[in-house]
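Just add 927 to the spot in the sequence shown (first one is 1) and you have this note's numbering. Input: a single structure, listed below in structure tokens.
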Amino acid sequence: MRFIFLIFKRMTTVNLSDYDPGRVPSASEIRFGIVVSDWNSEITMKLLIGVINTLKKHDAADNNIIVKHVPGSFELPLGAQFIAEYDDVDAIICLGCVIQGETPHFTYICQGVTQGITQLNLDYNIPFVFGVLTTANKQQALERAGGKHGNKGDEAAITAIKMAALQRQMEK
């Protein structure tokens, strides 16, 4: 039981920007689509900056990074599907932020986005990365968009690179 507690404690204090760069494949030949929600833009634009900086850190070319905007997080799955259907990309990163309010709206949006992105992963032959913050308040979101917990955008970019590289490896 103590072991489980220690794992949980470690998980709750993790910095999303901490990773071993030596274990990340080169992104030089990978083409990325990014769909970002304009709702809570103070947070989502920080996530976007994290994604782009991390992709470039791993050699992604500017012309291999396509960014599209949607009004809110609920629209992320359809925006991601549009990118998959109309652009030639190897991975799609979905960025959004849903902050809990006083109504059940939070639950419905989070469920819809999660199910939508999950379904895209099953329906298409490319990775769709979940880079959506689902927090209790704005402060928690800011802490995960470049604050004390790092930037979820960094984590989403690393996931996209690794999953696209895995797919290429499997296709050989």
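Quick reminder that beta carbons are idealized off the backbone N, C-alpha and C, glycines included.
Secondary structure at residue i, three-state DSSP: helix, strand or coil?
{"i": "K995", "result": "strand"}
{"i": "N990", "result": "helix"}
{"i": "R929", "result": "Note that R929 has pLDDT 46, beneath the 50 cutoff, so the model's placement of it is unreliable and the number below is only indicative. Three-state result, R929: helix."}
{"i": "V951", "result": "coil"}
{"i": "D945", "result": "coil"}
{"i": "N915", "result": "Given a span of 928 to 1099 for the chain in the structure shown, any question on residue 915 remains unanswerable."}
{"i": "E1098", "result": "helix"}
{"i": "H1032", "result": "helix"}
Going by DSSP, name the residue or residues bridged to residue i.
{"i": "I1019", "result": "G960, F1055"}
{"i": "I1044", "result": "According to DSSP, I1044 bridges with nothing at all."}
{"i": "G1077", "result": "G1074"}
{"i": "T1062", "result": "I1026"}
Should residue i go down as buried or exposed, given a rule of 16 or more other Cβ atoms within 10 Å for buried?
{"i": "Q1096", "result": "exposed"}
{"i": "E1082", "result": "buried"}
{"i": "A1063", "result": "exposed"}
{"i": "G1028", "result": "exposed"}
{"i": "F935", "result": "Interpretation of F935 is limited by its pLDDT of 45, a score under 50 that renders its predicted location unreliable; the figure taken from the coordinates is listed afterwards. Label assigned to F935: exposed."}
{"i": "Q1008", "result": "buried"}
{"i": "M938", "result": "Bear in mind that the predicted position of M938 carries a pLDDT of just 48, short of 50, making it unreliable; the figure below should be weighed with that in mind. Looking at its Cβ environment, which holds fewer than 16 other Cβ atoms inside 10 Å, M938 is exposed."}
{"i": "G977", "result": "buried"}
{"i": "N1078", "result": "buried"}
Residue i and residue j: beta carbons closer than 8 Å?
{"i": "I993", "j": "D965", "result": "no"}
{"i": "V1059", "j": "S1000", "result": "yes"}
Between residue i and the ligand COA, is the CB less than 7 Å from at least one heavy atom?
{"i": "R958", "result": "Among the components of this structure there are no ligands whatsoever, and the ligand COA is therefore not found."}
Report yes or no: do the segment 1032 to 1051 and the segment 976 to 993 share at least 3 C-beta pairs separated by less than 8 Å?
no
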